[in-house]
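Visitor: Pasting in a structure now, in structure tokens, and then I'll have a few things to ask.
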Amino acid sequence: MTFVYEGIGRRIPLTYAMLSTNLLIWLMPRVAPSMTLLCGLRAVIGLNNTLSMAAPLISDYVKQESRGRAVTVNTLAIALSQIYATQCLVPLTQNMNFDESFTISSLMMLILTIPTLFMIREPKPKKLASSVENPNGENLPINDTEAAAADSFQTDSQEEDQ
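Under full-length UniProt numbering, the sequence shown has 90 at position 90, and the numbering climbs by one with no breaks.
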């Protein structure tokens, strides 16, 4: 999944995954009479979950020393969302029909999705160094092309000295 995020960025795949999951949850009771459509819908929701869980946001924004804590907070958030769903959402929608129940669930997810999408920022690309500075303060070439160019430059300057 990393190649998706490196190729087109973070915001587009996450926007697709979150918004389409909201739509698919809303559609779930409407396609339920057809087992084939229901299984297909559930498979797409699973792919969307994989896409959103594979987002490299922690490695983009959290210092390496704190990444373990960030993963722990993420896992805690998943656990709290499960508790919220079973302790608050299920009792709230228990006496409703399936269409109303899934509509409320989808709307609650949408309410949480929209602010989340505004929080996602594309990481700034790191500048690649074309040379490495040695202890004497001189820039040393990194690759063979730069090394050859540096050798020819030194040769030319040495010829001028003679």
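Backbone N, C-alpha and C fix where the C-beta goes; we use that ideal spot for every residue, glycine too.
Residue 12 to residue 86, Cα distance in whole Å?
Guide: 30 Å
Visitor: Determine the DSSP secondary structure at residue 120, reduced to helix, strand or coil.
Guide: In the structure shown, residue 120 falls within a coil segment according to DSSP collapsed to helix, strand and coil.
Visitor: Could you spell out the range, first to last residue, of the alpha helix (DSSP H) harbouring residue 55?
Guide: That residue, residue 55, is in no alpha helix (DSSP H); it is neither H nor E in DSSP.
Visitor: What does the Cβ neighbour count give for residue 2, buried or exposed, with the cut at 16 atoms within 10 Å?
Guide: exposed
Visitor: Kindly indicate which residue of 44, 5, 63, 58 has the alpha-carbon position closest to the one of residue 75.
Guide: 58
Visitor: Considering only C-alpha positions, which residue in the set 66, 27, 107 is nearest to residue 44?
Guide: 27
Visitor: Got a sec, what are the start and stop residues for the alpha helix (DSSP H) residue 74 sits in?
Guide: 67-84
Visitor: Under the rule that 16 or more other beta-carbon atoms within 10 Å means buried, what is residue 53, buried or exposed?
Guide: It counts as exposed.
Visitor: With H, G and I counted as helix, E and B as strand and the rest as coil, what does DSSP make of residue 32?
Guide: Correct three-state label for residue 32: coil.
Visitor: Classify residue 25 as buried or exposed, calling it buried when 16 or more other Cβ atoms lie within 10 Å of its own Cβ.
Guide: Its Cβ being crowded by 16 or more others within 10 Å, residue 25 is buried.
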